[in-house]
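Using our numbering, the first residue of the sequence shown is number 6, and each one after it goes up by one.
Even for Gly, the Cβ is constructed at its ideal location relative to N, Cα and C.
In what follows, a structure is listed as structure tokens, so that the remarks can point back to it.
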Amino acid sequence: MSIISDTQAQYADQTFKGLMLSQAEVVSKEFYDCTFIECSLTEMSFRECRFVDCAFRNCDLSLMRAPDCSFTNTSFEDSKVIGVNWTEAAWSSSKLLDPIGFHRCVISHSTFMGLSLKKIVIKECLARDVDFREADLTGADFSRTDLADSLFANTNLSGADFSNAKNYAINASLNILKGAKFSLPEAMSLLHSLDIVLVD
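What follows is the structure, encoded as structure tokens:
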């Protein structure tokens, strides 16, 4: 098992397993092709760190802070990433880079408000009470995700995939939905925001 040292600034191709760093602070570190497995990182702060081609698996990052951190092709799998304010991170303006992806995670009570995260993957997740307002989520993958009480307003969801997603409340007149995919019967909820009358 590797540890995060106060003196080492860069890590590459390392596996961190079972780290217990709750409420700790890690500053100005760079991680390349690193894997975090079964780590407890609750309420910790990664500040001015860089993650490239990294993976977090079966970790608990609830209430993590990531001010001025950058993420490139970083995935979170089977992890708790609850209550994270992702707007504090530093996001690349490059349209060629995939930033982050969540697979089978709990990301409830987090915020992505105003961010441009095209093609972000939030797949098979529990994403309750998440703020996606004003965000550009073009081509996002929300398939099989529970979006109960999550907020969408002035959100660009062009080409987004909501296949088998559930519990979303998306106002079709307040969001951009061109080319987005939805599954029945959940897609019927989109009609609630339209000024129409349904008859049998």
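Leaving out the 5 sequence neighbours to the left and right, which residues in its chain are closer than 7 Å to residue i when beta-carbon positions are compared?
i: alanine 150; result: Looking at the sequence itself, residue 150 is threonine, so the reference to alanine does not match. So the list reads Ile127, Lys128, Glu129, Cys130, Ala132, Ala170, once near-sequence residues are dropped.
i: glutamate 93; result: Arg70, Ala71, Pro72
i: serine 168; result: Ser148, Lys186, Ser188
Considering only the alpha carbon of each residue, which of the options lies closest to residue i?
i: glycine 164; options: Ser155, Leu182, Asp65; result: Leu182
i: arginine 52; options: Leu46, Val32, Asn63, Thr40; result: Val32
i: lysine 85; options: Leu46, Thr116, Tyr37; result: Leu46
i: isoleucine 175; options: Phe187, Ala185, Leu195, Ser168; result: Leu195
i: glycine 184; options: Leu156, Leu142, Pro190, Leu26; result: Leu142
i: leucine 179; options: Glu139, Asn90, Glu191; result: Glu139
i: cysteine 54; options: Met25, Phe137, Glu43, Ile9; result: Ile9
i: glycine 23; options: Asp11, Asn161, Ile42; result: Ile42
i: glycine 119; options: Phe81, Asn159, Glu30, Met25; result: Asn159
Residue i bridges to which residues according to DSSP?
i: aspartate 166; result: Asp146, Lys186
i: valine 31; result: Phe51
i: phenylalanine 76; result: Phe56
i: arginine 62; result: Ile42, Glu82
i: glutamine 15; result: Glu35
i: methionine 25; result: Ser45
Would you mind giving the Cβ-Cβ distance between residue i and residue j, rounded to the nearest angstrom? I have them listed as a contact below 8 Å.
i: methionine 49; j: glutamine 28; result: 6 Å
i: tryptophan 91; j: serine 115; result: 6 Å
Only counting the same chain, and skipping five residues up and downstream in sequence, which positions put a Cβ closer than 6 Å to that of residue i?
i: aspartate 146; result: Val126, Lys128, Asp166
i: tyrosine 173; result: Leu152
i: threonine 40; result: Thr20, Ala60
i: phenylalanine 36; result: Tyr16, Phe56, Cys59
i: aspartate 65; result: Ser45, Thr47, Lys85
Could you name the residues of the same chain whose beta carbon sits closer than 8 Å to that of residue i, not counting the 5 residues immediately before and after it, in chain order?
i: aspartate 83; result: Arg62, Asn63, His108, Arg109, Cys110
i: leucine 68; result: Thr47, Glu48, Ile87, Gly88, Val89
i: proline 104; result: Phe76, Thr77, Asn78, Thr79, Trp96, Ser97, Leu122, Ile125
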